[in-house]
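180 is the number that this note's numbering gives the last residue of the sequence shown; the numbers go up by one with no jumps. Backbone N, C-alpha and C fix where the C-beta goes; we use that ideal spot for every residue, glycine too. Shown next, in structure tokens, is the structure this report addresses.
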Amino acid sequence: MRLNKAVFLDRDGVLNTELGDYVCKVEDFHILEHNFMALKELQDRGFMLIVITNQGGIAKGWYNEATLAKMHQKLREAYQQQGVSFSEIYYCRHNPLYNGNCLCRKPGSIMLEKAIARFNIDKTKSYFIGDRERDVIAGQAAGVTGILIDSDQPISEIFHLIS
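What follows is the structure, encoded as structure tokens:
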């Protein structure tokens, strides 16, 4: 059976503008257009693109899963118009202050592990790009290479780290 390679992507600060805490409204969800071409190139190089995101604002009651679904639809549509598709978007809706600890919230690796099993991913040829240390930790815990970028940094600037 052939293994797939993947680039896992944090959402806020990587695919859309980082607002500091949570993006709670669809109208505040701004796509980072400078990453369209970079992700298209990665996809053309054979990488699956999978989003892994903590969305603890749901547990806090700041927004609900219907609003989150609208944001993710906006994200998918914006990238699809550029020829980019996300294989899946995984999210954790928990917040340790409201629900206690869970296994899915990054830096936990459960969301990545689910994707690795579902899509038959070769961990040794896969990466997790994120703008927080917890993203790198989650990636490493799942056995993929973590790449830390600055919030809103163009992904094209770290292409040399992805082979």
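To the nearest angstrom, report how far apart residue i and residue j are at their CA atoms.
i, j, result
"Y108", "D139", "21 Å"
"C119", "R28", "19 Å"
"L85", "G78", "12 Å"
"M54", "E105", "19 Å"
"A83", "A155", "26 Å"
"V153", "A76", "24 Å"
"L20", "I69", "20 Å"
"E35", "N52", "14 Å"
"S180", "K142", "8 Å"
"I164", "L49", "18 Å"
"A23", "L129", "10 Å"
Which class does residue i belong to by DSSP, given the choice of helix, strand or coil?
i, result
"I133", "helix"
"M18", "coil"
"T34", "coil"
"L26", "strand"
Using CA coordinates, which residue listed in the options is at the minimum distance from residue i?
i, options, result
"F145", "L59, D38, H47", "L59"
"G73", "G117, L32, F46, H47", "G117"
Locate the alpha helix (DSSP H) running through residue i, then write down its first and last residues.
i, result
"F46", "No alpha helix (DSSP H) holds F46; DSSP gives it neither H nor E."
"G147", "Segment 144 to 147 is the beta strand (DSSP E) holding G147; no alpha helix (DSSP H) there."
"T84", "82 to 97"
"I172", "Per DSSP, I172 belongs to no alpha helix (DSSP H) and is neither H nor E."
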